[in-house]
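Undergrad: Just so you know, we're using our numbering here: the sequence shown kicks off at 5 and counts up by one.
Cβ atoms here follow ideal geometry from the backbone N, Cα and C, with glycine treated the same way.
Structure below; questions to follow.
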Amino acid sequence: MQRELETDVLVIGGGNAALCAAISARRAGSEVTLVEKSDKFWRGGNTRHTRNMRCAHDSANDHLTGPYSEEEFWDDLLRVTQGRTDEPLAKHMISRSKDMLEWISDQGVRFQPSLGGTLSLGRTNSFFLGGGRAMLNALYRTAEQLGVLIHYEAPVTGLEVSGGRFQSATAMVGGSPVDIRAKSLVAAAGGFESNIDWLRQSWGPPADNFLIRGTRNNTGEVLKMLLDQGVKGVGDPTQCHAVAIDARAPKYDGGIITRLDCVVFGIVVNKNAERFYDEGEDVWPKRYAIWGRLVAAQPDQIAYIIFDDKSLKLFMPSLFPPISAPSIAELAAKLELPAEALEKTVSGFNAAVQPGTFDHTDLDDCRTEGLSPPKTHWARKLDQPPYYAYPVRPGITFTYLGTRVDERARMLMSSGSGAENMFAAGEIMAGNVLGQGYAAGIGMTIGSVFGRIAGESAADHARN
5 MQRELETDVL
15 VIGGGNAALC
25 AAISARRAGS
35 EVTLVEKSDK
45 FWRGGNTRHT
55 RNMRCAHDSA
65 NDHLTGPYSE
75 EEFWDDLLRV
85 TQGRTDEPLA
95 KHMISRSKDM
105 LEWISDQGVR
115 FQPSLGGTLS
125 LGRTNSFFLG
135 GGRAMLNALY
145 RTAEQLGVLI
155 HYEAPVTGLE
165 VSGGRFQSAT
175 AMVGGSPVDI
185 RAKSLVAAAG
195 GFESNIDWLR
205 QSWGPPADNF
215 LIRGTRNNTG
225 EVLKMLLDQG
235 VKGVGDPTQC
245 HAVAIDARAP
255 KYDGGIITRL
265 DCVVFGIVVN
275 KNAERFYDEG
285 EDVWPKRYAI
295 WGRLVAAQPD
305 QIAYIIFDDK
315 SLKLFMPSLF
325 PPISAPSIAE
335 LAAKLELPAE
345 ALEKTVSGFN
355 AAVQPGTFDH
365 TDLDDCRTEG
375 LSPPKTHWAR
385 KLDQPPYYAY
395 PVRPGITFTY
405 LGTRVDERAR
415 MLMSSGSGAE
425 NMFAAGEIMA
435 GNVLGQGYAA
445 GIGMTIGSVF
455 GRIAGESAAD
465 HARN
């Protein structure tokens, strides 16, 4: 006979969004059960690989160098998504982000002084002391101290939904199926970026060359169950947070140490040694998440970042060392690129570079002229050997196809009505805010803000 468990609020997932939901629901007086697919070591989904979050704030403090208004946040979001966002919902998130730093600190999370360098985030983003792992550990400690019941290695294998109302979930607990009945459900189980078969449905064969920066556990079963049960979807299945990462990275869980932040300091070429996009279009935090899709569109989904010795120490390196050579031709040989074509690309680029004052911390006036595609900022000749290269592939962090929600984080049904007792937070509903594009730290904002809202809404429904 299948075991049964009853609770006020069931939270599916174990990352930032899930924990914010569980904590806020528990603080509102609800009995909360959280089921996490992974074991304790791998817990936390993609939160394990994060470093910071972006929140609106009115003034500088000990970890931020200045104010970041709601209006500026909205302008940044509008620019990176090119308008593909739910404006009322996005502005609601931005407004609620203003008190998130204090709230998240109250849950035990600590921040470090702002960072400088190419990230240009010291004013806008708060960095976690100890990174995402430390943040997760703090949230888990708080959840446990509050009495949240946590089950690890507990994947959800079934959902029972009737007329927009959640009834129960079947989860593997201790190796056996358990029927968990709850007054409210919060789904915070991530996207489907680790499900290569699902990615292939939209991307075709190129999906086989994608690397997964985040957890191997985000395979989308809960999202698919919800959509199959009549929850309204949102987002394009090909849109995702995808960055260019070191091609030597592992298939899964490479995390932040495989990301490369040196695109702005050199040129990027495909396997034919041809440039294909403006490497200096904007400051890196507002453009780094477009490069995964750009590389995905190139032959064999591979590209190479080429730079010279004067740029070697201007960025955070990958886990893997750059490939180096004393000449462009020798570098091409090591990369197995056509040497003549790479030399022509580099010489053409060098000839197009205009005089300017280089400033790696801001949009400078170093640009090319008469070159297609142009390089609009940080363009400097590649003329100081040795020369270096990193091979890169698309590294997917999370997908944007998800469940549509309202300002209470309540899921909406395909019928047009709101679900009675089903709420969502984090990557599983990020497509409401992110129709495309990305700016550093917004994923954690979505998770924290909507996690807190979802927990409050779920507890309110359970109580009433």
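Straight-line CA distance for cysteine 370 to alanine 307?
TA: One C-alpha to the other measures close to 23 angstroms.
Undergrad: Classify phenylalanine 45: buried if its beta carbon has 16 or more other beta carbons within 10 angstroms, exposed otherwise.
TA: With fewer than 16 other Cβ atoms within 10 Å, it is exposed.
Undergrad: Answer with buried or exposed for glutamine 6, where buried requires no fewer than 16 other C-beta atoms within 10 angstroms of its C-beta.
TA: Classification of glutamine 6: exposed, given that the 10 Å Cβ count is below 16.
Undergrad: Glutamate 431: buried (16+ other C-beta within 10 angstroms of its C-beta) or exposed?
TA: Buried.
Undergrad: State whether the stretch 236 to 249 contacts the stretch 436 to 444, with contact taken as three or more CB pairs (one from each stretch) at a distance under 8 angstroms.
TA: The stretch 236 to 249 is in contact with the stretch 436 to 444.
Undergrad: I need the straight-line Cα distance from leucine 82 to proline 181, nearest angstrom please.
TA: C-alpha separation (whole angstroms): 44 angstroms.
Undergrad: Determine the burial state of glycine 19: buried for a count of at least 16 other Cβ atoms within 10 Å of its Cβ, exposed for fewer.
TA: Buried.
Undergrad: Using only alpha-carbon positions, find the residue among Val268, Leu231, Trp382 and Leu203 that is nearest to threonine 401.
TA: Comparing Cα positions, the closest option is Leu203.
Undergrad: What is the DSSP secondary structure of arginine 384, counted as helix, strand or coil?
TA: In the structure shown, arginine 384 sits in coil (DSSP, three-state: anything other than H, G, I, E or B).
Undergrad: On the DSSP bridge list, what partners appear for aspartate 250?
TA: According to DSSP, aspartate 250 bridges with Val396.
Undergrad: Reducing DSSP to helix, strand and coil, say where alanine 277 ends up.
TA: If DSSP states are grouped into helix, strand and coil, alanine 277 belongs with coil.
Undergrad: Look at alanine 345 and alanine 337 and say whether their C-beta atoms are less than 9 angstroms apart.
TA: No, the Cβ-Cβ distance between alanine 345 and alanine 337 is not below 9 angstroms.
Undergrad: Would lysine 317 be called buried (16 or more neighbouring beta carbons within 10 Å of its own) or exposed?
TA: Its Cβ having fewer than 16 others within 10 Å, lysine 317 is exposed.
Undergrad: In terms of residue numbering, what span does the beta strand (DSSP E) encompassing isoleucine 154 cover?
TA: First-last of the beta strand (DSSP E) with isoleucine 154: 153 to 155.
Undergrad: Which of the three DSSP states, helix, strand or coil, is assigned to methionine 139?
TA: DSSP places methionine 139 in helix when its eight states are reduced to three.
Undergrad: In terms of DSSP beta bridges, what is glycine 406 paired with?
TA: DSSP, once it has assigned bridges, lists Val238 as partnering glycine 406.
Undergrad: Taking only three categories from DSSP, how would you classify alanine 458?
TA: Helix, per DSSP.
Undergrad: Please report the Cβ distance between serine 188 and alanine 423, rounded to the nearest whole angstrom; I am assuming they are in contact, meaning their Cβ atoms lie under 8 angstroms.
TA: With a Cβ gap of about 10 angstroms, serine 188 and alanine 423 do not count as contacting.
Undergrad: Looking at C-beta atoms only, is the number of pairs between the stretch 377 to 390 and the stretch 272 to 285 that lie closer than 8 angstroms three or more?
TA: Segments in contact, yes.
Undergrad: Can you grab the Cα-Cα spacing for the pair glutamate 91 / arginine 114, in whole Å?
TA: Roughly 31 angstroms separates the two Cα atoms.
Undergrad: Would you call the CB atoms of tyrosine 404 and glycine 435 closer than 9 angstroms?
TA: Yes; because the gap between Cβ atoms is below 9 angstroms, this pair is in contact.
Undergrad: Beta-carbon separation of valine 48 and arginine 137 under 9 angstroms?
TA: One detail in the question is off: residue 48 reads as glycine in this sequence, not valine. Contact: yes.
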